[in-house]
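Protein sequence lines correspond, in order, to chains A and B. The working numbering applies: residue 6 is where the first sequence begins, and numbers increase by one. The working numbering applies: residue 386 is where the second sequence begins, and numbers increase by one. Contents: one structure, followed by commentary.
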Amino acid sequence: MDTKVKGCKELLNEVIDKDLCTLCGACTGGCPYLVPYKGKIVLLDNCTLSEGQCYKYCPRTYTDMDAISQQVFGVPYSEDELGTTKEVLIARSTDAQIKEKAQYGGTVTTLLSLALAEGLIDNAILTRTSEDKTPIAFLAQSAEEVLQGAGSNYMACPILETYNHFLKDSNHSLGIVAMPCQALALTKMKKEPPENRISINNVKLVIGLFCTWALSPDGFYQFLRENLDLPRVTKFDIPPPPANRFDAYTPSGKISFPLEQIRKFTIPTCAYCLDMTSEFADISVGSVEGIEGWNTVIIRTDVGAKLMEMAKAKGKLETDKLPPQNLAHLKEAALLKKKRALKEIIKRSGDKKNLLYVGLSPALADKLLA
Amino acid sequence: MATIDIDAPGTSQLFIGNEAIARGALEAGIGFAASYPGTPSSEIMGSLAPIAKKMGIYAEWSINEKVAMEAAAGASFAGIRALASMKQNGVNVVSDFLANLVIAGIGKGGLVLISCDDPSAISSSNEQDTRPIAKWLDIPLVEPGTFQEAKDMTKWLFDLAEKTGTLCMLRSVTRIAHARGNVKLGELPKKEQKAYFDQIHDLRNVMPTTFMPVPSALRHAFLHLKLDKAQEKFESSPFNYYVGPDKADLLIITCGSCWLYSQDAVKALKLEDKVGILKLGTLWPLPEKFVEKHLNKSRKILFVEEIDPFLERSVMEMVANLPADSPRPTFYGKRSKHINAYGELNPDLVIKAIASITSITYQPRDVEYGKKAEEFSKSSVPERSMTFCAGCPHRATFWAIKNALKLDGRDGIVTGDIGCYSLALGPAGFFQVRTMHCMGAGAGIANGLGKLGQFGFNQPVLAVCGDSTFFHATIPALINGIYNQSNFILVILDNNATAMTGFQPHPGTGMTAMGEPTKVVSMEALCRSLGARVEICDPFDLESTTATLLEMMAEGGGAKVAIMRRECELVRGKKEKPPYKVHVDPDKCIGEACGCDRLCTRVFLCPGLVWDKKVGKSKIDEVICTGCGVCTDICPQGAIIKEAA
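Structure representation (structure tokens):
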């Protein structure tokens, strides 16, 4: 395992060109050289630095899991399948407008709107589906703008570029809706704060999304274009198991594709990802198997707990307990992802001791591999 | 700048060679001059055009050299003395017409071609000697060795052209064309000229019969008779002479600027009484009797000429035909490797050749002194690489091209052409241009690349050309691309001037060589009429230019056109004040740190931006910055700030 920080050429050689890039955007936006374009990170010019922040914060370069966990949670990396948690529950928005647009329970939209309204943050970085149905990162400053980001299209979007675009003297307070890889990159930044861009302390809230894998904004988008009249699509959905399909909603009805057909557009790096529940977020949100219209919510930090409390107190969210069998299912799925990823990683490195980017304690690694 | 129309016969004027040639044409009473700009020939038309109206002559910048020569031939057919001037590449462009013109013959008005060669290719895409073209096409050829001769030969050549009925050519080189010397003036003719194409009598050369066309082979035979006549005149020409002892250790045969280098070399070696110089002004057909008369001056003959062994071979051919018992001298020159067959010559190189042949050692100065002088001169010359001017639209265009090609990710290729933008072969244009040949070749090559899809070729192809180059030679290639549906984008860098050669007007500028307003030929209307998709970009808008190029590349399909429209900064700057005042905020500039790594002064490389090593920040060189403001859009930290000036 190479733990050294290197430059952009190595990032290209070791991550981007090796199909390990998650398109999180952490390496882009902070310098003029690396830019995301159509599902790819492109190096526009030669940068001469032997150590770069691009390499340093990449969620696929070496990450000391205990160290970053210590940074956000004050404890080493948890052995729990769901990472460090304070509480796991289910929630849904009380706002009819949000519920209508939301993928499941509208919890993310509601929490972000609240954070903006209460002044916890003044800008939210999230993804929306653009006119042509490509994912696009954007900044929301109000509840109305946040609502534009409701719903998912399952394609990776380098939203951390938007964080990196904030200049170093900026005093905005930010909330970020992050995929697990993006939450990981942000945590690496919290551990060793970046230079020459907005302070990482200005990121006041990270809402993580559950993720099993993301689809390529290049290949999958081509597939969608070829198979759908995209401008007419109003919503995409991958219903919780056992549905096993991808749905596109149009005014004239739902068009479904078997999940197998679209799985080939998964970004290759997702196979090496251990994190299903955005373990490094303040609060993580996903669907709930069998309970339609609700979200599973994992509260992880004080920031997350406080926001959740506020949402409940102000009647923005209604909550309930996550049924034990659902929790068991969730843990099982999360553990399965970790085990599968580690197997893939070892297959790639060819060495049980070499877990590529994953800096796990040997004990935990052994436990997961058992 | 000298005025070439000064009416003061017998006085001396300081002229550059090109002005002397133009003056010679005036003294010859030309009525018509046409040219296409090209270094080192441009000042011939450059000095004729402004005074043309006053002198009652017609002068034009033609769209290319072929049309210039053809137009001049038209004037000759109607009895007007006409001149066409161009650089060496232009003669290649005209060569097809020339090959036919010499067979047909000229009209009643003398017709002269001026070819300015550029040894060492200081301002050219290639190094080429046009003297062999004259020999190849049977054109009487002269070459001036002094500024006075540049004028006198030009004037005399019109007489020769009329007397022989064939096109005559004067070859000049950079050091004659651009150097300055005294020229004693002659009379300017006062008579009015009348043009009339007498279709029976004036065509005696074109078709030497009023009854029926003459077969080409027969006319070729007539051409040889014309050459014999020219050769006869050359035998007694005052432009050929010998300087030196009756019996010499070494005889130099030379022409053109090498005549000056040869004199300097002999003088420096103090060999005036041992080395003779045979200076030839009329080069082809070779005045054989004259040369033969001087051959026995020495047993050793050195040819001093630039680029090709033209005199060397001509004299060898001649000697080979002399009677068997004639003296056989030893020849030195390019064949013996005493003189380079490439690059400019200078007195030092000639000295080296003479010293080597005569086995003398020559040390011009103390070696240490030479080293010191070199070091000193280096220390006082600022380090500069070839680059685009500050504020040049091309830099912005190539920035957008570079980024678009990188983002597209298919390893796209840029084929280049002739103009300032040829610099994009190097760092100025971020090494984007991959090919550079003759004018129009960029689009031509793109035609081929763009048809390779069936062989798995998927690289986008961009052909760049300037606005003047577009009119000169690119249009046929574009039409071919549209007709044959070749997949490339013609990127026209329209800076509204023939910038590299000195801002000469062209059909897109709405101005003629003589300063008259004229119709503007719209390149977008022309391209659209051909059926091409045309997009017009402002290269200073880097983001939208990049996006347009990306979208056009992604679209694929047949040939299309992207016009990058921004006036040459050197033209704009003469008319207007800078649009912005630009400065660097040192608090925001992060210099070499991660997040920039000196993008502006390491990659973008506008000379208006300088790297202050001491403080580790970039700053604006206010003397050089033209306030275009483009760098504010590339700075990742927003540290370069522009304010409306």
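Just so it is clear, CB atoms sit at the ideal spot from N, CA and C, and this is done for glycine as well.
| query | For the segment 38-59 of chain A, which residues have a CB atom closer than 9 Å to at least one CB atom of chain B, in sequence order? | reply | Those would be Tyr38, Val40, Tyr42, Lys43, Lys45, Val47, Leu48, Leu49, Asp50, Asn51, Cys52, Thr53, Leu54, Glu56, Gly57, Gln58, Cys59, in chain order.
| Close Cβ partners of Asp1018(B) (< 6 Å) along its chain, the five nearest in sequence each way excluded | So the list reads Leu927, once near-sequence residues are dropped.
| Contact set between Gly35(A) and chain B, taken where Cβ atoms lie within less than 9 Å | Here the neighbours are Cys979, Gly980, Pro1021.
| field | Residues near Leu545(B) by beta carbon distance below 7 Å, same chain, minus five either side | value | These residues qualify, in order along the chain: Pro525, Cys553, Ala615, Lys618.
| request: Specify, as a first and last residue, the run of the alpha helix (DSSP H) that Val676(B) falls within. | output: In the DSSP assignment, Val676(B) falls within the unbroken alpha helix (DSSP H) covering 673-680.
| message | Here's the rule: buried if 16 or more other CB atoms are within 10 angstroms of the residue's CB, otherwise exposed. What is Glu149(A)? | response | Per the 10 Å Cβ criterion, exposed.
| Beta-bridge partners of Gly1023(B), as assigned by DSSP | Residue pairing for Gly1023(B): DSSP places it in no beta bridge.
| task | Spatial neighbours of Ala781(B) within its chain, please: CB distance less than 7 Å, with the 5 preceding and 5 following residues excluded, ordered by chain position. | result | For Ala781(B), where only same-chain residues beyond five positions count, the Cβ hits under 7 Å are Pro924, Phe925, Leu927, Val1015.
| said: Could you compute how far the alpha carbon of Thr594(B) sits from the alpha carbon of Lys493(B)? | reply: Here Thr594(B) scores only 48 on pLDDT, less than 50, and its place in the model is too uncertain to base an answer on.
| Met326(B) - containing alpha helix (DSSP H), residue span | What the structure shows of chain B is the stretch from 386 to 1030, and residue 326(B) is not part of that stretch, so it cannot be assessed.
| In terms of residues, what are the limits of the alpha helix (DSSP H) holding Asp71(A)? | Unbroken alpha helix (DSSP H) run through Asp71(A): 70-78.
| field | Proximal residues of chain B, C-beta to C-beta of Leu28(A) below 7 Å | value | Result: empty, since nearest Cβ-Cβ is about 14 Å, beyond 7 Å.
| said: Using a 10 Å radius around the Cβ and a threshold of 16 neighbouring Cβ atoms, would you call Phe596(B) buried or exposed? | reply: Per-residue confidence for Phe596(B) stands at a pLDDT of 49, beneath the threshold of 50, marking its modelled position as unreliable; the derived number appears in the next sentence. With fewer than 16 other Cβ atoms within 10 Å, it is exposed.
| Where Lys791(B) meets chain A, residues with beta-carbon distance less than 7 Å | Within chain A, the residues near Lys791(B) are Val47, Leu49.
| field | Bounding residues of the beta strand (DSSP E) (the contiguous stretch that carries Met554(B)) | value | Run containing Met554(B): 553-558, per the beta strand (DSSP E) assignment.
| field | Gln187(A) in three-state terms, based on DSSP | value | Correct three-state label for Gln187(A): helix.
| said: Please classify Pro450(B) as buried or exposed, where buried requires at least 16 other C-beta atoms within 10 Å of its C-beta. | reply: Position check: residue 450(B) holds Glu in this sequence, whereas Pro was assumed. Its Cβ being crowded by 16 or more others within 10 Å, Glu450(B) is buried.
| request: Output yes or no for whether 8 Å exceeds the beta carbon distance between Tyr806(B) and Leu696(B). | output: No. Outside cutoff.
| field | chain A within 8 Å of Asn788(B), Cβ atoms only | value | Taking 8 Å as the threshold, the shortest C-beta distance from Asn788(B) to chain A falls below it.
| query | Grouping DSSP H, G and I as helix and E and B as strand, with all else coil, what is Tyr1085(B)? | reply | Within the shown structure, residues of chain B are numbered from 386 to 1030, placing residue 1085(B) beyond reach of any answer.
| Among the residues of its own chain, which have a CB less than 6 Å from the CB of Pro971(B), if the five just before and after it don't count? | Once the five neighbours on either side are set aside, the close Cβ partners of Pro971(B) are Lys1002.
| query | Just how far apart, CA to CA, sit Pro489(B) and Ile921(B)? | reply | The sequence as given places Ala at residue 489(B); Pro does not occur at that position. Spanning the alpha carbons of Ala489(B) and Ile921(B) requires a straight line of approximately 45 Å.
| chain B contact for Arg202(A) (CB, 8 Å cutoff) | Taking Cβ atoms only, chain B reaches closer than 8 Å to Arg202(A), which makes this a yes.
| said: Would Leu172(A) pass as an interface residue toward chain B - the criterion being a Cβ-Cβ separation below 8 Å? | reply: Among the residues facing chain B, Leu172(A) is included, as its CB has a counterpart in that chain under 8 Å away.
| task | List the residues of chain A that Gly794(B) touches, going by C-beta distances under 7 Å, in chain order. | result | Below the 7 Å Cβ cutoff, chain A contributes Lys45, Val47 as neighbours of Gly794(B), in chain order.
| request: Would you please verify whether the beta carbon of Leu984(B) is less than 8 Å from any beta carbon of chain A? | output: Leu984(B) belongs to the set of residues whose beta carbon lies under 8 Å from a beta carbon in chain A.
| message | Which residue wins for smallest C-alpha separation from Ala848(B), given the options Pro630(B), Val660(B), Val876(B)? | response | When only C-alpha atoms are compared, the closest one is Val876(B).
| When the Cα atoms are used, what is the spatial distance from Ser380(A) to Asp71(A)? | Residue 380(A) is absent from the structure shown; chain A starts at 6 and stops at 375.
| task | With a threshold of 16 other CB atoms inside 10 Å of the CB of Glu691(B), please say whether the residue is buried or exposed. | result | So Glu691(B) ends up on the buried side.
| task | Ignore the nearest five residues each way along the sequence and tell me which others in Ile1009(B)'s own chain have a CB closer than 6 Å to its CB. | result | Result list for Ile1009(B): Ala775, Pro992, Gly993, in chain order.
| task | List the residues of chain A that Val988(B) touches, going by C-beta distances under 7 Å, in chain order. | result | Chain-order list of chain A residues neighbouring Val988(B): Asp50, by C-beta distance under 7 Å.
| said: Taking its Cβ as the centre, do 16 or more other Cβ atoms sit within 10 Å of Ala419(B), making it buried, or is it exposed? | reply: Ala419(B) should be labelled buried.
| Pick from Gly641(B), Asp751(B), Val476(B) that is closest to Ile499(B), judged by C-alpha positions | Of the candidates Gly641(B), Asp751(B), Val476(B), the residue whose Cα lies closest to the Cα of Ile499(B) is Val476(B).
| query | Could you give the distance in angstroms between the alpha-carbon of Gly1071(B) and the alpha-carbon of Pro694(B)? | reply | Here chain B covers residues 386 to 1030 and nothing more, so residue 1071(B) does not appear.
| said: For Val487(B), which residues in the same chain have their Cβ closer than 8 Å to its Cβ, ignoring the five residues on either side in sequence? | reply: Excluding the 5 residues flanking it on each side, Val487(B) has same chain C-beta neighbours closer than 8 Å at Leu522, Asp523, Ile524, Thr551, Leu552, Leu608, in chain order.
| Reduced DSSP category for Pro778(B) - H, G, I as helix; E, B as strand; rest coil | Here Pro778(B) sits in helix by DSSP.
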